[in-house]
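Protein chains in written order, with the numbering used here: chain A, 7 to 343; chain B, 9 to 263.
We treat Cβ as the ideally placed atom computed from N, Cα and C, and that holds for glycine.
These figures come from a predicted structure and were not determined experimentally.
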């Protein structure tokens, strides 16, 4: 029972979401908000791994999201649809539904490799320097994309909606809800498994006392690289899902503002808390939508809220605790790792 | 072959000579001490051995193997661990986790095993957990396994740090001022503890200590350094009589 409670709950939740979307009880707008929640959960939990658990300060998360978004979009458009840029589909479009997860994972791997490229020089430094390097990396990635004309440059890249249509030919279900849900759960599971293993606890040791960690036999450089790659790889998957949800991507949507959003979610939720990052991603997504009528004033209200939170609860909503730490009794009913 | 050989070790910090042409030797199953006045370069020697500094000159050989160029975690994997003058436990982790993480090098599973929870991964995690609990039990601190180290009294934190150092199964344990900041009663306990560790585990212990009571009652051999160079070595009795040592600690009689 303890082992099955979380999978059962997740399955019920997925069925409800799929059912509501399939019978159009919730409209496309609400569906999109739900999709964004999932994508934001991946974004915030993955950034939390580096900023919260490892104690580094990475500010360029959107750069990795961009790499994942572009790589998976280009791949899926080229493989499964007829487009002006890439011509006829390379694979039969009927395979779109099966090929999509692989395309997403390719985007994730591309992001992880980008993360590796950035991590190798930057981990010789720490703290502020890593922040500066990651901001620079974010800009380099965006500028690189703008200058590749083949994938649209500054005009952006589109055609991902046709991939979704191709999937719907296979089965008429709300595919994106399914994929976002699946990858959100997988992301949280991966991070949870990583951080509960003794290997992953080395990450915590690095944050608390890096020198002691190295001297006690923890290969700190290697762990930092692996953790950064996991974080950026998952961000790439978030990017792929984002691109296919919107159906259109543009380098400008992955600039520092997007990175800041990810940071806000991590700090709002609490450093190092997976539960906190999930909660804050949901709250933040809702907040963005509820404050939409304020238009431009939205970007006054949200930072103001952040200032208030930092004043009165600087450790964030959860503050380095998980759900099972807040409600120890719940441990009896679920197990998730 | 000696366990550890320090040969002509010199360490310069931008001109300042912290350790100069130090020559020392440590056999297997030895409990020895390193003493000297404040700023004599004792901790620097330990820092070089554990790989935290790269020596300017000279060599350190551990079981015949040159340690030059090795990273601290590689040196730890060879079997040298240490404690710190100011306790450096990971403060926000439980005592148990502290001891688990110190076995990091001996995990024996890869990332694939970790994410897919392979039987090998589960077995290894279980093994190191069992080992950690065994250690906690023989040191009688298993009731604090889930406690954060900062909630424990200072003397207990010292003990946890020693257990953490022992968890990776070292052949040489470096203790950097284990009695620093302890009360008189705790010091006696510490002496018994170190003696007991030396008898129970198959290792050598090299300790830096300021409290003469600890060094004199535990160590079979003592080396004394002042201004980075060796001024005397011998048994506790010899050291107590040595004029050079008395001069280094108390100053020249003639003045």
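Asked	Found
With DSSP collapsed to three states, give me the class of residue 19(B).	strand
To the nearest angstrom, report how far apart residue 239(B) and residue 32(B) are at their CA atoms.	12 Å
Taking all protein chains shown into account, do 16 or more other C-beta atoms lie within 10 angstroms of the C-beta of residue 49(A), making it buried, or fewer, making it exposed?	buried
Whose C-alpha, out of 254(B), 133(B), 171(B), 158(B), is nearest the C-alpha of residue 148(B)?	171(B)
Does the stretch 168–185 of chain B come close enough to the stretch 106–115 of chain B that 3 or more CB-CB pairs lie under 8 Å?	yes
Which residue comes first and which comes last in the beta strand (DSSP E) that contains residue 126(B)?	Where residue 126(B) is concerned, there is no enclosing beta strand (DSSP E), given that its DSSP letter is neither H nor E.
Are any of the Cβ atoms in chain A nearer than 7 Å to that of residue 237(B)?	no
Verify the CB distance criterion: does residue 152(B) have a CB-CB separation below 7 Å to chain A?	no
Taking the alpha-carbon positions, what's the residue 355(A) to residue 19(B) distance?	One cannot answer for residue 355(A) here, as it falls past the ends of chain A, which runs 7 to 343.
Please go through the same chain and pick out, in chain order, the residues whose beta-carbon is closer than 6 Å to the beta-carbon of residue 231(A), but skip the five residues on each side of it.	125
Using the beta-carbon of each residue, which ones in chain B are nearer than 8 Å to residue 203(A)?	122, 129, 133
Less than 7 Å between CB atoms is the rule here; does residue 220(B) satisfy it with respect to chain A?	no
Ends of the alpha helix (DSSP H) at residue 286(A)?	280–296
Would you call the CB atoms of residue 226(A) and residue 55(A) closer than 7 Å?	no
Go to residue 228(A), then tell me how far its alpha helix (DSSP H) extends in each direction, as first and last residue.	226–252
Should residue 96(B) be flagged as near chain A, meaning a C-beta pair shorter than 7 Å?	yes
Looking at the unbroken beta strand (DSSP E) that takes in residue 27(B), where does it start and where does it end?	24–34
Considering residue 142(A), what are the terminal residues of the alpha helix (DSSP H) in which it resides?	134–152
Using only the alpha-carbon positions, how far apart do residue 63(A) and residue 203(A) sit?	23 Å
In angstroms with no decimal places, state the Cα-to-Cα distance between residue 237(A) and residue 255(A).	21 Å
In its own chain, which residues sit with a C-beta less than 8 Å from the C-beta of residue 9(A), not counting the 5 before and 5 after it?	341
To which residues of the same chain is residue 283(B) closer than 7 Å at the C-beta, ignoring the five residues directly before and after it?	What the structure shows of chain B is the stretch from 9 to 263, and residue 283(B) is not part of that stretch, so it cannot be assessed.
Quick check on the burial criterion: 16 or more other C-beta atoms within 10 angstroms. Buried or exposed for residue 259(B)?	exposed
With residue 147(A) and residue 72(A) assumed to form a contact (beta carbons below 8 Å), what rounded beta-carbon distance in angstroms separates them?	5 Å
Please confirm whether residue 162(B) has its beta-carbon closer than 7 Å to some beta-carbon of chain A.	no
Report all residues from its chain with a CB closer than 8 Å to the CB of residue 7(B); omit the five preceding and five following residues, and keep chain order.	Residue 7(B) falls outside the range modelled here, since chain B spans only 9 to 263, and no answer is possible.
Measuring straight from C-alpha to C-alpha, what distance separates residue 207(A) and residue 276(A)?	18 Å
List the DSSP bridge partners of residue 74(B).	69(B)
Going by beta carbon distance, what residues of the same chain come within less than 8 Å of residue 92(B), once the five residues before and after it are set aside?	169, 184
Say whether chain A places a C-beta atom closer than 7 Å to the C-beta of residue 80(B).	yes
Would you give the residue range spanned by the alpha helix (DSSP H) that residue 188(B) belongs to?	From DSSP, residue 188(B) is part of no alpha helix (DSSP H); its letter is neither H nor E.
Please state if the CB of residue 246(A) and the CB of residue 118(A) are separated by a distance shorter than 7 Å.	no
So is residue 332(A) buried or exposed if we call it buried at 16+ other beta carbons inside 10 Å?	exposed
From this set, 234(B), 244(B), 71(B), 141(B), which residue's C-alpha is nearest residue 212(B)'s C-alpha?	71(B)
Taking only beta-carbon positions, decide if residue 156(A) is within less than 7 Å of chain B.	no
Quick check: the stretch 280–291 of chain A against the stretch 104–117 of chain A, are at least 3 beta-carbon pairs closer than 8 Å?	no
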